[in-house]
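Residue numbering for the sequence shown is 1 to 565, as defined by full-length UniProt numbering.
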Amino acid sequence: MIHQNTILSLLPKCKTTSNLKILHALILTTATIKTIIIPLSKLIDFCVDSQFGDINYANLLFRQIHSPNVYIWNSMIRGYAKSQNPKMSLLLYREMLQTGYSPDHFTFPFVLKASSVISDQFCGKCIHSCIVKSGFEANVYAATGLLHMYVSFRDMEYGLKLFDKIPKWNVVAWTCLIAGYVNNNQPREALKVFKDMGHWGVVPNEVTMVNALIACARSRDLNTGKWVHECIREAGYDPFMLTSNGNIILATSIIEMYAKCGSLNIARELFNKMPKRNIVAWNSMINAYNQYERYNEALDLFFDMLAAGFCPDKATFLSVLSVCAHQCALALGETVHAYLLKTNIVIDTSLATALLDMYAKNGELGSAQKIFNSMEKKDVVMWTSMINGLAIHGHGNEALSMFQIMQEDSSLIPDHITYIGVLFACSHVGLVEEAQRQFNLMTKRYGIVPEREHYSCMVNLLSRAGHFGEAERLMKTMSIKPNIAIWGALLNGCQIHENIAVASQVKVQLTELEPVHSGIYVLLSNIYANAGRWEEVNMTRKMMKHKRVAKNIGQSSVEMKLFTL
Numbered sequence: 001m002i003h004q005n006t007i008l009s010l011l012p013k014c015k016t017t018s019n020l021k022i023l024h025a026l027i028l029t030t031a032t033i034k035t036i037i038i039p040l041s042k043l044i045d046f047c048v049d050s051q052f053g054d055i056n057y058a059n060l061l062f063r064q065i066h067s068p069n070v071y072i073w074n075s076m077i078r079g080y081a082k083s084q085n086p087k088m089s090l091l092l093y094r095e096m097l098q099t100g101y102s103p104d105h106f107t108f109p110f111v112l113k114a115s116s117v118i119s120d121q122f123c124g125k126c127i128h129s130c131i132v133k134s135g136f137e138a139n140v141y142a143a144t145g146l147l148h149m150y151v152s153f154r155d156m157e158y159g160l161k162l163f164d165k166i167p168k169w170n171v172v173a174w175t176c177l178i179a180g181y182v183n184n185n186q187p188r189e190a191l192k193v194f195k196d197m198g199h200w201g202v203v204p205n206e207v208t209m210v211n212a213l214i215a216c217a218r219s220r221d222l223n224t225g226k227w228v229h230e231c232i233r234e235a236g237y238d239p240f241m242l243t244s245n246g247n248i249i250l251a252t253s254i255i256e257m258y259a260k261c262g263s264l265n266i267a268r269e270l271f272n273k274m275p276k277r278n279i280v281a282w283n284s285m286i287n288a289y290n291q292y293e294r295y296n297e298a299l300d301l302f303f304d305m306l307a308a309g310f311c312p313d314k315a316t317f318l319s320v321l322s323v324c325a326h327q328c329a330l331a332l333g334e335t336v337h338a339y340l341l342k343t344n345i346v347i348d349t350s351l352a353t354a355l356l357d358m359y360a361k362n363g364e365l366g367s368a369q370k371i372f373n374s375m376e377k378k379d380v381v382m383w384t385s386m387i388n389g390l391a392i393h394g395h396g397n398e399a400l401s402m403f404q405i406m407q408e409d410s411s412l413i414p415d416h417i418t419y420i421g422v423l424f425a426c427s428h429v430g431l432v433e434e435a436q437r438q439f440n441l442m443t444k445r446y447g448i449v450p451e452r453e454h455y456s457c458m459v460n461l462l463s464r465a466g467h468f469g470e471a472e473r474l475m476k477t478m479s480i481k482p483n484i485a486i487w488g489a490l491l492n493g494c495q496i497h498e499n500i501a502v503a504s505q506v507k508v509q510l511t512e513l514e515p516v517h518s519g520i521y522v523l524l525s526n527i528y529a530n531a532g533r534w535e536e537v538n539m540t541r542k543m544m545k546h547k548r549v550a551k552n553i554g555q556s557s558v559e560m561k562l563f564t565l
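Written out as structure tokens, the structure reads:
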């Protein structure tokens, strides 16, 4: 006769569902333990918790138990709460109540988690009411579960009230509150709570540290980030030690913090020290180089990643396609596209937009349009990329037509980037009245506050059309100070219309803003030369020599890309 302990000792050795079924058969066929609940409960636990388990098989076992105790109910509820079907956790909880079983303090955290995952606030609040009625509100497990649920619902105000009511603040509660602020885009509040945690003498764990690092990255707070990194070292969690087992998530979070705060050299140094790297670490570093316009280094690292045997994922392709777009590297972009098609990665809206943007910025509008047309669902970012691509490459009318079609879908709300493309299209075609109408609609209908790029488009259009008075009036009404791009746009119009008076006024403003920019002096010199004002030409060139301004090789006086979009 096989003893119960013998069967249970075999559980850790199970690697497949077939192994589980064999043990289950032993339990059912061994007379001495057929009626004993413990082996089945252990089998259920294994199905729920092990990577080799099966939640559906756990449910089959569960249904064979005539009177499951609260522990077994909790095991099943826990299993479904972390499964791909968390709603079943809530259905089991309801079934548990209907069959007369009373939940305990371990039950509630699981059903609260399930409510959070499926964003069911009504159900979550009903469970909260049950917790109060059951007298478990002061229990640290139930209270922490409530805190997690409410911060997941983005109710940080109520979450903070619940936190204050917790009888004893443990590291889980503190971490939950910090993560809540991080996930609700309040990184500075998250860091404030992290610092308060130290004052109360609670030692953070690795999960706490990861959330603190994310908060530093999002707030671009390098000094606090360095302090958090030092706290990690002092706590003995340093994942870059060769002798360390190395929490790769923590290591990646440290690298990403330095990278997003602009300390790319430190980030790369730590990346090179990692005892073990995963695809997330590679992606963080490649994306950082891309964000800070260090495109060659991004590509070098991408090729290093491939050489190391890593397969690119969606995040990798998004970064590399962005690099190809900014570098106008069409051949490489096409190669990356071909590589992407050979993978099992589904081309969703974000990947399609990255491909579209790469082709559009490289002037391959046919390929960009083909990708655009192939997508059934298009978000505002994809529409914007197509509109801007058409506008930048001289297809102003097509860009405006596409914008009009986009507006027929009430769910698509144009943003400030969309309107840069629209105004640029108007500028290219010379539609002054349409540009003014769109500029006004941008603010009145969509509440978009004009930025320098919008003003630059408008000033460029008005000055090129010879409407210098309107251009200057618009600049005076700006809520932000005009930069060199806007003054340069006005100066560009002065060259077209040989307006010496306005050019002389602009000259003072430009030299104050950026006195050593060669484009200013070259353009001014040519404006004066075209008007036959040779004395001013000589004076301008002397100013260049005096200020040691060198003309850029191959720079034309009409190449106002230095100043305009």
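Just so you know, even glycine gets a beta-carbon here, dropped at the ideal spot from N, CA and C.
A quick note: this is a predicted structure, and the numbers were derived from the prediction, not measured.
Can the beta-carbon of Phe468 be found closer than 8 angstroms to that of His454? Contact annotation: Phe468 and His454 have beta-carbon atoms that are not nearer than 8 angstroms.
Looking at the structure shown, is Gln509 part of a helix, part of a strand, or coil, going by DSSP? Looking at Gln509 - three-state DSSP - the assignment turns out to be helix.
Apart from the five residues on each side of it in sequence, which residues of its chain come closer than 6 angstroms, Cβ to Cβ, to Ala142? The answer, listed in chain order, is His105, Phe108, Ile131 and Phe136.
Output yes or no for whether 8 angstroms exceeds the beta carbon distance between Leu412 and Val380. Yes, the Cβ-Cβ distance between Leu412 and Val380 is below 8 angstroms.
Can you tell me where the alpha helix (DSSP H) with Leu412 in it begins and where it stops? Segment: none, Leu412 is in no alpha helix (DSSP H) and carries neither H nor E.
Alpha carbon to alpha carbon, how far is Ala31 from Ala58? Only weak support is given to the placement of Ala31: the predicted model assigns it a pLDDT of 45, under 50, and the question is left unresolved by the model.
With distance defined between alpha-carbon atoms, name the residue in Val172, Tyr101 and Asp54 nearest to Gln84. The option with the nearest alpha carbon to Gln84 is Asp54.
Residue from Gly201, Phe194, Ala485 and Gly493 whose Cα sits closest to the Cα of Leu213: It is Phe194 whose Cα lies nearest to the Cα of Leu213.
When DSSP labels each residue in this structure, what does Asn56 get in the three-state scheme? It is helical.
Considering Ser89, what are the terminal residues of the alpha helix (DSSP H) in which it resides? For Ser89, the enclosing alpha helix (DSSP H) has its first and last residue at Lys87 to Gln98.
Anyone know if the C-beta pair for Phe302 and Ala354 falls short of 8 angstroms? Not in contact: Phe302 and Ala354 (Cβ atoms no closer than 8 angstroms).
Arg473: first and last residue of the uninterrupted alpha helix (DSSP H) it sits in: Note, Arg473: alpha helix (DSSP H), Phe468 to Lys476.
When you compare the segment 440 to 454 with the segment 389 to 409, are there three or more beta-carbon pairs, one atom per stretch, that lie closer than 8 angstroms? The answer is no - the segment 389 to 409 does not touch the segment 440 to 454, with fewer than three Cβ pairs under 8 angstroms.
Among Arg78, Ile72 and Lys125, whose alpha-carbon lies nearest the alpha-carbon of Tyr101? If we check each option's Cα against that of Tyr101, Ile72 comes out closest.
CA-to-CA distance, Gly493 to Asn499, given in whole angstroms: So the alpha carbons of these two residues sit roughly 8 angstroms apart.
Determine the DSSP secondary structure at Tyr446, reduced to helix, strand or coil. If DSSP states are grouped into helix, strand and coil, Tyr446 belongs with coil.
For Pro239, which three-state DSSP category applies? DSSP, reduced to helix, strand and coil, places Pro239 outside both helices and strands of the structure shown, so it counts as coil.
Just checking: is the beta-carbon of Leu524 within a distance shorter than 8 angstroms of some beta-carbon in chain B? In the structure shown, chain B does not exist; there is a single protein chain.
With 16 as the cutoff for other CB atoms within 10 Å, does Gly225 come out buried or exposed? Buried, since its Cβ has 16 or more Cβ neighbours within 10 Å.
Which runs of the alpha helix (DSSP H) at least 4 residues long sit entirely within the segment 187 to 272? Give them in chain order. Uninterrupted alpha helix (DSSP H) stretches at least 4 residues long and entirely within the segment 187 to 272 occur at 187 to 199, 206 to 219, 222 to 234 and 248 to 260, given in chain order.
How many Å lie between Asn185 and Trp169 at the Cα? C-alpha separation (whole angstroms): 23 angstroms.
Give the straight-line distance between the Cα atoms of Phe424 and Ala288, rounded to the nearest whole angstrom. When the Cα atoms are used, Phe424 and Ala288 turn out to be separated by approximately 29 angstroms.
Just the Cα atoms here: how many angstroms apart are Pro187 and Thr349? Cα-Cα distance, rounded: 28 angstroms.
Cβ neighbours of Glu256 in the same chain (closer than 7 angstroms, five flanking residues each side left out): In chain order, Ala217 and Ser284 place their CB closer than 7 angstroms to the CB of Glu256, counting only its own chain and leaving out the 5 sequence neighbours on each side.
Go through its chain and collect everything with a Cβ distance to Thr243's Cβ below 6 angstroms, but skip five positions before and after it. Model confidence at Thr243 stands at a pLDDT of 47, short of 50, so the residue's coordinates are unreliable; what they give is reported in the following sentence. Excluding residues within five positions, none has a Cβ falling inside 6 angstroms.
So Cys426 and Leu390 are in contact, right, with Cβ under 8 angstroms, and what is the actual spacing, rounded? The Cβ separation is near 13 angstroms, so there is no contact.
Does the distance from the CB of Leu112 to the CB of Leu60 come in under 8 angstroms? With a cutoff of 8 angstroms on beta-carbon distance, Leu112 and Leu60 are scored as not near each other.
Output yes or no for whether 8 angstroms exceeds the beta carbon distance between Ala281 and Ala315. Inclusion of Ala281 and Ala315 in the CB contact set at 8 angstroms is not warranted, their separation being larger than that value.
What's the gap between the Cα of Ala465 and the Cα of Ala471? Roughly 10 angstroms separates the two Cα atoms.
Residue from Ala308, Met274, Glu512 and Thr175 with nearest C-alpha to Val210: For the residues Ala308, Met274, Glu512 and Thr175, the minimum Cα distance to Val210 belongs to Thr175.
8 angstroms contact criterion, which Leu191 and Ala215 should meet: CB distance rounded: Going by Cβ atoms, the distance from Leu191 to Ala215 rounds to 5 angstroms, so yes, they are a contact pair.
Residues in its own chain within less than 7 angstroms of Met88 by CB, not counting five upstream and five downstream? Only Tyr80 meet the Cβ criterion.
Using CA coordinates, which residue listed in Ile496, Leu491 and Arg452 is at the minimum distance from Thr477? Selected option, being the one with the closest Cα: Arg452.
Check whether the Cβ atoms of Ser115 and Met149 lie closer than 8 angstroms to each other. Contact: yes.
My output table needs one value for Ala465: the three-state DSSP class, helix, strand or coil. Correct three-state label for Ala465: coil.
CB residue 568 to CB Phe372, shorter than 8 angstroms? Outside the shown range of the chain, which is 1 to 565, sits residue 568, and nothing can be said about it.
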